[in-house]
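Protein chains in written order, with full-length UniProt numbering: chain A, 1 to 391; chain B, 1 to 391. Worksheet: one structure, shown below.
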C-alpha cells in the first residue's frame, strides 16, 4: 500500500517531542487528543472520520503516538500515518451510535499503555470531546486523574515549520484563484448558489500544479441585506442590479488553510461606502505594517484600531486569529487573537488571518489579509489586491 | 428585513409542542439544545455560526424557544427565525475564544426564565456540547439538576412532515445531478480533485429550479487502493487507465440531505467484481422490498444480509441510518440504524440511507439507496440506476 505522508519523519518526531516536553512540564503522563487537527499534526492521519469517536494518544513513555478509531478507518490510518501497526487501534462497528461507548475501548488502551492511575490530559473544550466522552472516560478510569490540556497542542502548532509555510502559500494561491473566479463570475442576475458553485469548483481544482480540498467551513457568501450577517447562508436568489457581495472563502491545501475575504460591489458604490473601503484598507495596511517578531498581538490590533478611530470607525469584534492546519467546523486555531488584551509576542512562523471585516449598523464590508510573520516583518499569504472590487 | 423561513408557523409550533410533551414526560423543565440541526428544527435558525457556543433553549412554561448565540449572529437569528426579538439573546464578542465562558451567559438566561433550581435537559453526546460546556453550566447553575436528553429532539425529527419530504426529494434530485456529473466527467487521466470540483459545482448549483448548499460532510471520493477506505480524502493524482472510483456524495437542500453512493469502474471490471456488484444490488433490492410501516429496522437488515449470505458475502458494518436535517460534521441523524438488534418499527415519513457499501479484504464497492418510508412501502429519494457504472 502506498503511504501518503506529507512531512519528513524527523518533523513529526520534533512535534511529538515538543508535546511530550509540555506534558512533562504539566505533570501529564498521557494525553488523549480529540481534535482532528492535533491528531493529524502528530501522526499525519487524514480522513473524514472524526464524526465518530476517534483519538490520538501520546504517552510520555511510549515512543510513537497511538491512533484509536473505528475499524473501517484503520486502513486510512495505515495509509496516512507513519505509525507502526501496533500503534493503530480500532474498535468494531458495534460501538457506533449504539449503547456501547467507544471511550470504554479508549480506556482499555490507556490502561494497557500507562496503567489505571495515570494523569491524563484531555481537551475539555474540544469540538469532538463531548460531555458524554468525558463522563464515559472518567467512569472507565476511576483511578486516573484528569487534567485539562485543552489547546496544549494548538499552542505548539502556532509556529509553523518551513514545510508548513510552503503548504500555507499553496493554500493562499488557491484562495486567490477562488476569489478571482468569483469576481469574474459575479454580475447582476446570477444566482447566489451559482457563485458558490464557481468558488467551490476552484477550491477543489486548486491550481494546475496541485489540487485543493474541502475547507473547514463553507465560504460565507453574504449578499445585499445579508452582508450585515457575517455567517449567513447563501440562497438561490439572483443578484440585484445593484448590491453588495461579501465573500469570505478558504483555500485549503492538505488541510492547511488560508482565509480571504473581499467585498464585491455590483453597480456603483456610494461615495460613503467607497470611503469606508478606503478606511478599512488603510487600517489593514497599518496593522500589517506593525507586524514583526517581538511585537504583541494587541499592538497589531492597536495599529489597525487607531487608524479606524482617526476616521471615526470602530470594530467591536477581534481583528483576527491564528490560522493553519484544520478540520471542520472551525476556521481558526483557537489560540492567539489579534485583539486588545492579547499579549502574545509574535514570532516568525506564526500565521494569522487579519479579519478586518466591519459589520456596522447599515453596512458590512470585508477586505482582509492572511499573512505569515517573518524574521523582519510579514509575508502576505494571498496576493489579491486589497481593495473594493466593482462589477 | 426580509425573513427567510421555509416552514409554516403551525409546523414549528407542532414541533415545539412535541418536544415539550416529551420533556414533560421526562420531568425536564428546560432543554438546552447544542445540536445545530435541533435548533434549526425548532426555530428555523440557519447560519454557519455553531462553531462558537450557540444554543436553543425550550422551557415548558415559555411559549417560544429562545435562541442564544454570538452578538454578530443575532442578525441571522432575526432573518431566519420566527422568534420574537425578546427570544433572541446574544453575548458580546469578548466571550469568543477567551477566558470568559459563553455558558455563564447561557446560565443567566436559564435563571431568568426558569429559576436556579430547574431540571435541565442537555445533549450529553452532542457534537457541540463539549466537556467544558457541561462543566461551565454545572458550575454556573449549582442548584439545578442536569438530565441527559441526548437525541430527544433527534427522535422527534425521525418522522418527516410532507413539507420536509418535499425538501428531501429536492435534495435527492441534487444528489442525482451530482453523481451523473461525476460519471460523465470521469475518464483516465483526470485528477481526483477535478472530479471533486465537478461534484461540488453541481452540489451548489442544484437544479435550474432551486439551488443547493453545502453538505454535512465532503463527498467521499475513494480511488484505487483507497476504495478500501470508506472515509479517505481524495488526492490530486490522475486516474489510472483502469481503476475503481467509490463516490459517496450528499445532495443538500436547505440543510435536508440525501446520501448517494456509486462505484464507477474505469476500464473493464473483472467478472468477480461485476458479480459482487450484482450481489450488492440484489441485496439492496431485497432490503428495499422489505420496507413498509410495521416492519422493524433489523428485518430490513435481515432481508439484505440473507441475500448476501446466499452468495457467501457478509457486511460487518450497519446497513444504514436515518437521514434528514443536518449540519457538519455528521451525515446521519444518530437515531435508527438498519442493523441487527435495532427493533425500531418503521413508520411512514422516516427516511434512511441504505448504506450498502461493502469493504472487503481486497475490494470496496458502494451502490446505495436513500428512501422514505411510505404508507405502503418506500419511495426512492434518488433515481439514478442501481448498478455498477463503467467508463
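Backbone N, C-alpha and C fix where the C-beta goes; we use that ideal spot for every residue, glycine too. Fair warning: this is a prediction, and the values are worked out from it, not measured in the lab.
Under 9 Å by beta carbon: chain A residues contacting residue i
i: residue 127 (chain B); result: 51, 127, 128, 130, 329
i: residue 350 (chain B); result: Residues of chain A passing the Cβ test: none, with the nearest at roughly 16 Å.
DSSP-derived helix/strand/coil call for residue i
i: residue 101 (chain A); result: coil
i: residue 133 (chain B); result: helix
i: residue 375 (chain B); result: coil
i: residue 356 (chain B); result: coil
i: residue 337 (chain A); result: strand
i: residue 115 (chain A); result: coil
i: residue 214 (chain A); result: coil
i: residue 323 (chain A); result: coil
i: residue 192 (chain B); result: helix
i: residue 248 (chain B); result: strand
i: residue 231 (chain A); result: coil
i: residue 386 (chain B); result: coil
i: residue 332 (chain A); result: coil
i: residue 34 (chain B); result: coil
Min CB distance residue i to chain B below 8 Å
i: residue 193 (chain A); result: yes
i: residue 334 (chain A); result: yes
i: residue 359 (chain A); result: yes
i: residue 218 (chain A); result: yes
i: residue 201 (chain A); result: yes
i: residue 135 (chain A); result: yes
i: residue 48 (chain A); result: yes
i: residue 322 (chain A); result: no
Rounded separation between residue i and residue j - CA only
i: residue 47 (chain A); j: residue 174 (chain A); result: 21 Å
i: residue 231 (chain B); j: residue 49 (chain B); result: 25 Å
i: residue 72 (chain B); j: residue 229 (chain A); result: 7 Å
i: residue 81 (chain B); j: residue 43 (chain B); result: 5 Å
i: residue 179 (chain B); j: residue 217 (chain B); result: 16 Å
i: residue 364 (chain A); j: residue 244 (chain A); result: 9 Å
i: residue 254 (chain B); j: residue 233 (chain A); result: 9 Å
i: residue 453 (chain A); j: residue 239 (chain A); result: No answer is possible for residue 453 (chain A): it lies beyond the span of chain A, which begins at 1 and ends at 391.
i: residue 373 (chain A); j: residue 176 (chain A); result: 19 Å
i: residue 125 (chain A); j: residue 267 (chain A); result: 45 Å
i: residue 145 (chain A); j: residue 122 (chain A); result: 10 Å
i: residue 93 (chain B); j: residue 250 (chain A); result: 22 Å
i: residue 68 (chain A); j: residue 192 (chain A); result: 41 Å
i: residue 140 (chain B); j: residue 148 (chain B); result: 18 Å
i: residue 353 (chain B); j: residue 7 (chain B); result: 24 Å
Interface partners of residue i on chain A, CB under 8 Å
i: residue 121 (chain B); result: Those within 8 Å of residue 121 (chain B) in chain A number zero; the least Cβ separation is about 12 Å.
i: residue 210 (chain B); result: 236
i: residue 278 (chain B); result: Result: empty, since nearest Cβ-Cβ is about 23 Å, beyond 8 Å.
i: residue 79 (chain B); result: 225, 226, 229, 232
Closer than 8 Å to chain A by CB, residue i
i: residue 93 (chain B); result: yes
i: residue 225 (chain B); result: yes
i: residue 230 (chain B); result: yes
i: residue 41 (chain B); result: no
i: residue 4 (chain B); result: yes
i: residue 178 (chain B); result: no
i: residue 233 (chain B); result: yes
i: residue 305 (chain B); result: no
i: residue 97 (chain B); result: yes
i: residue 431 (chain B); result: This structure does not reach residue 431 (chain B), given that chain B is present from 1 up to 391, and the question cannot be answered.
i: residue 354 (chain B); result: no
i: residue 72 (chain B); result: yes
i: residue 1 (chain B); result: yes
Distance cut-off 7 Å: residue i Cβ against heavy atoms of the ligand SAM
i: residue 59 (chain A); result: Annotation note on the ligand SAM: not contained in the displayed structure, which lists no ligands.
Within chain B, partners of residue i - CB distance below 7 Å
i: residue 75 (chain A); result: 228, 229
i: residue 316 (chain A); result: 93
i: residue 196 (chain A); result: 204
i: residue 337 (chain A); result: 97
Chain B residues whose Cβ lies nearer than 9 Å to that of residue i
i: residue 13 (chain A); result: Simply none; closest approach about 24 Å.
Cross-chain neighbours of residue i in chain A, by beta carbon under 7 Å
i: residue 214 (chain B); result: 218
Neighbour list for residue i in chain B, Cβ cutoff strictly below 8 Å
i: residue 206 (chain A); result: 193, 236
i: residue 124 (chain A); result: 130, 131, 132, 135
Three Cβ pairs or more, each shorter than 8 Å: is that satisfied between the segment 146-158 of chain B and the segment 87-102 of chain B? For the pair of segments examined, the segment 146-158 of chain B was found not to touch the segment 87-102 of chain B: the number of CB pairs separated by less than 8 Å stays below three.
Residues of the segment 23-38 of chain B in Cβ contact with chain E at a cutoff of 7 Å, in chain order, please. Annotation note: the requested chain E is absent from the structure, which comprises protein chains A and B.
Does the segment 351-362 of chain B come close enough to the segment 277-293 of chain B that 3 or more CB-CB pairs lie under 8 Å? Segment contact: the segment 277-293 of chain B against the segment 351-362 of chain B, three or more CB-CB distances shorter than 8 Å; contact assigned.
Are three or more beta carbon pairs between the segment 203-222 of chain B and the segment 22-29 of chain A nearer than 8 Å? With a cut-off of 8 Å, the segment 22-29 of chain A and the segment 203-222 of chain B do not count as touching, because too few Cβ pairs lie within range.
Are three or more beta carbon pairs between the segment 295-304 of chain A and the segment 336-343 of chain A nearer than 8 Å? Yes: at least three Cβ pairs fall under 8 Å.
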